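Quick mapping for you: the protein sequence lines, in order, are chains A and P. One point on numbering: in the numbering used here, the residue at position 75 of the first sequence is 140, and numbering is uninterrupted. One point on numbering: in the numbering used here, the residue at position 8 of the second sequence is 11, and numbering is uninterrupted. Here a beta-carbon is modelled for each residue, glycine too, at the ideal position from N, C-alpha and C. Fair warning: this is a prediction, and the values are worked out from it, not measured in the lab.
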Amino acid sequence: MTTTPKPATVLSNPDTWVDQHGDYLYRCAMLRVRDANVAQDLVQETLLAALQARHSFAGQSAERTWLVGILKHKAIDHVRRASREKPFENLERMTAADDDDASCFGADGHWLNDHAGPADWACDPRKLTENAQFWEVLRYCVERLPERSAQVFSLKEIDGLDSDEVCKVLNVTPSNLWVLLHRARARLRECFETQWLGTRSGEQKS
Amino acid sequence: MTILRWVTDVVTWLIPPCREVVRWASQDLDGQLRWHQRARIQLHLLMCRLCRRYQQQLIALRAALRSDPERLADAAQQLSPEAKQQIKDALKNPTPPVAKM
């Protein structure tokens with residue numbers, strides 16, 4: 066270890082990892098699996114794997130980023146195994162009428178009225194992240210996605226896997242994936258809108 | 004009547020209804036639409052303020068998330084002291100034994 070050429074490539078003492086990164090890794094795990102025990106196991110697996118692989122750490126990223134990268138793989142492996150054990154219900158038979166937003170549309174397939182459609186968020190959507198409450202509201206809504214939607218959503222939007230990979234991990238067909246993704250996004254959008262506008266009207270009152 | 008029906012069908016094909024457009028808007032985020040579907044959505048969006056807004060909101064949420072997904076993690080969550088101790092113990096006595104690289 067003393068002959069390491071670049072100081073930047075040195076990892077901190079593994080004995081300090083739990084205190085330094087444990088909570089952060091745990092949060093990242095909870096974001097992906099939403100089960101405290103599983104998340105805790107993932108942190109442990111991640112740190113054990115990191116311990117084994119520490120000599121191959123190239124120092125191209127910060128220690129924490131490296132650890133989160135390992136955790137991501139462990140979490141995806143977990144979801145893959147879980148999807149094999151408990152496959153998705155048959156989604157093919159689900160029709161548009163089963164969608165949450167079915168009541169928003171009239172018989173002609175158009176928004177029933179202005180109220181049924183998306184509301185104005187009263188801010189430039191591109192500047193959302195500048196608002197401190199944005200992440201709070203979004204987190205609230207992501208946590209409330211149904212389990213399956215949440216899995217699809219997290220693999221696609223949080224881990225950034227491409228569609229083929231998501232299908233393989235979850236063992237679903239592409240057409241199922243589109244249905245699930247649409248539902249997750251529609252639900253998230255709606256929840257966000259309700260909470261966001263609620264928060265803002267609260268702000269104006271106070 | 005037949006002609007009227009035919010015209011309606013063509014228009015519906017050309018300009019899909021909102022219900023269809025919101026599904027396609029999601030698929031479009033994943034680059035899954037064919038060129039003619041995208042053209043038809045655009046045609047619809049030109050005329051429909053609500054769908055335009057819907058699409059912009061989906062795009063905004065996706066862009067925000069992609070910019071920093073880990074920020075979604077809840078800062079209030081933490082490992083219990085027992086869990087930490089357990090992981091520390093596991094790190095001290097890794098089983099199975101560390102394989103030679």
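Exercise. Starting from aspartate 185 of chain A, find everything on chain P with Cβ-Cβ shorter than 8 Å and list it in chain order.
Key: Arg56
Exercise. Determine, using beta carbons only, whether leucine 82 of chain P and arginine 250 of chain A come nearer to each other than 9 Å.
Key: no
Quiz item: Between the Cα of arginine 55 of chain P and the Cα atoms of A/Asp173, A/Pro183, A/His247, which residue gives the shortest distance?
Solution: A/Pro183
Self-check item: Assigned secondary structure, phenylalanine 122 of chain A (DSSP; H/G/I helix, E/B strand, else coil)
Solution: coil
Quiz prompt | Secondary structure of tryptophan 186 of chain A, DSSP reduced to three states | solution = coil
Practice problem: Leaving aside the five residues before and after leucine 48 of chain P along the sequence, list all residues of the same chain whose C-beta is less than 8 Å from its C-beta, in chain order. | Solution: Val24, Cys54, Arg55, Gln58
Quiz item: Just how far apart, CA to CA, sit histidine 180 of chain A and arginine 52 of chain P?
Solution: 13 Å
Quiz prompt | Option nearest tyrosine 205 of chain A by Cα separation, candidates A/Lys221, A/Thr264, A/Asp185 | solution = A/Thr264
Exercise. Pick out whichever of A/Glu150, A/Leu226, A/Glu212 has its Cα sitting closest to the Cα of arginine 248 of chain A.
Key: A/Glu212
Quiz item: Could you give the C-beta distance for glutamine 109 of chain A and alanine 93 of chain P, rounded to a whole number, given that I count them as a contact under 8 Å?
Solution: 5 Å
Quiz item: If we cut at 9 Å on Cβ distances, does glutamine 40 of chain P have a partner in chain A?
Solution: no
Exercise. Taking C-beta pairs closer than 8 Å, name the residues in chain A that valine 25 of chain P reaches, listed in chain order.
Key: Asp166, His247, Ala251
Quiz item: Of the choices A/Gln216, A/Leu193, A/Lys221, A/Leu226, whose alpha-carbon is the least far from that of alanine 257 of chain A?
Solution: For the record, residue 257 of chain A in the displayed sequence is phenylalanine; it is not alanine. Selected option, being the one with the closest Cα: A/Leu193.
Practice problem: Identify which residue in A/His120, A/Arg92, A/Arg149, A/Phe170 has its Cα closest to the Cα of lysine 137 of chain A. | Solution: A/Arg92
Quiz item: What residues in the region 75-104 of chain A bring their beta carbon closer than 8 Å to a beta carbon of chain P?
Solution: Pro79, Asp80, Trp82, Val83, Asp84, Gly87, Asp88, Tyr89, Tyr91, Arg92, Cys93, Met95, Leu96
Exercise. Starting from the Cα of proline 20 of chain P, find the closest Cα among A/Cys169, A/Ala147, A/Ala215, A/Arg145 and give me that residue.
Key: A/Cys169
Quiz item: Quick one: is leucine 75 of chain P near chain A, going by C-beta distance under 9 Å?
Solution: yes
Quiz prompt | Pair within 9 Å by beta-carbon distance, proline 72 of chain P and aspartate 100 of chain A | solution = no
Exercise. Measure the CB-CB distance between arginine 149 of chain A and asparagine 236 of chain A and report whether it falls below 9 Å.
Key: yes
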